[in-house]
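S.K.: Residue numbers (our numbering): 73 to 329.
Idealized CB from N, CA, C, for every residue including glycine.
A single structure is presented below for examination.
Laid out in structure tokens, this is it:
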């Protein structure tokens with residue numbers, strides 16, 4: 073395939089992914105927005121006033137960046153895992169794999185499609201959060217880059233989950249038993265400064281802690297971790313998952329009947 077054909081293949085996959093979740097917008101766009109608004113109402117207005125401050129910030133301003141990132145993570149992940157496994161279940165992916173389309177183009181097409189949904193929901197939630205919290209962006213490059221990297225990381229993770237899944241039940245195991253606990257323990261609702269030294273060190277294993285704190289730094293200038301180290305960990309995770317996913321696509325052992 074020449075460059076033009078590769079671009080057409082990539083654009084086709086991305087366009088299909090975007091049209092897929094826009095066509096089902098009452099199921100893909102509205103529920104996550106409602107969920108995050110409820111978080112703002114409960115943890116911001118109702119509980120936040122009693123807590124007061126967290127890490128030197130009003131509690132609603134502290135949790136707002138974490139809630140935004142939570143929406144980006146869950147929607148980037150869920151879009152790719154559901155879409156790719158659907159194609160795998162219907163045997164559509166086999167037709168794509170035997171076509172001249174390079175595997176890396178297939179991977180990037182699905183990942184970028186998932187990123188558009190995650191980033192789109194993130195923008196909507198950010199605009200809604202301005203109603204509940206008054207904050208400004210402390211560092212624009214850090215804020216934008218960490219959101220892009222986070223949506224990419226969890227889109228790749230969703231694709232990898234879909235490759236290994238053998239049933240629709242399997243695509244819910246990782247979100248339920250891994251992603252959700254890591255999100256709630258990733259510093260969204262509390263600062264690691266509240267933890268003992270032992271548990272604070274254990275928390276450093278959690279990758280979501282890095283993205284949440286980096287985004288919080290970009291928004292408010294407050295963080296519990298080193299930003300340079302956080303970016304290094306996120307980029308390393310992307311490289312590792314990208315390599316594993318691309319290798320699985322090339323082998324096709326769990327994709328072809």
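Going by the CB atoms, is the gap between residue 280 and residue 255 shorter than 8 Å?
M.R.: Closer than 8 Å, so yes.
S.K.: Tell me the residue span of the alpha helix (DSSP H) that contains residue 187.
M.R.: Residue 187 -> alpha helix (DSSP H) spans 175–204.
S.K.: Bridge partners for residue 129 per DSSP, in chain order?
M.R.: Answer is 126, bridged to residue 129.
S.K.: Buried or exposed for residue 147, going by 16 or more other Cβ atoms inside 10 Å?
M.R.: Residue 147 is buried by the Cβ-count criterion.
S.K.: Is the Cβ-Cβ distance between residue 105 and residue 200 less than 8 Å?
M.R.: Contact: yes.
S.K.: Does residue 262 come out as helix, strand or coil in the three-state DSSP assignment?
M.R.: Three-state result, residue 262: coil.
S.K.: Go ahead and pull the three-state DSSP assignment for residue 155.
M.R.: Three-state result, residue 155: helix.
S.K.: For the candidate residues 85, 299, 318, whose alpha-carbon lies nearest to that of residue 217?
M.R.: Measuring from the Cα of residue 217, the nearest candidate turns out to be 299.
S.K.: Taking 6 Å as the limit between beta carbons, can you name the residues of its chain near residue 139, skipping five residues before and five after?
M.R.: 108, 111.
S.K.: Using three-state DSSP, classify residue 327 as helix, strand or coil.
M.R.: Residue 327: coil per DSSP, three-state reduction.
S.K.: Enumerate in chain order the residues of its own chain whose CB-to-CB distance from residue 126 is below 6 Å, with the five nearest sequence positions on each side excluded.
M.R.: Counting only Cβ-Cβ distances below 6 Å, and skipping sequence neighbours, we find 134, 263.
S.K.: Where do the ends of the alpha helix (DSSP H) carrying residue 239 lie?
M.R.: Run containing residue 239: none; DSSP gives neither H nor E here.
S.K.: Just curious, the alpha helix (DSSP H) that residue 251 is in, first and last residue?
M.R.: Segment: none, residue 251 is in no alpha helix (DSSP H) and carries neither H nor E.
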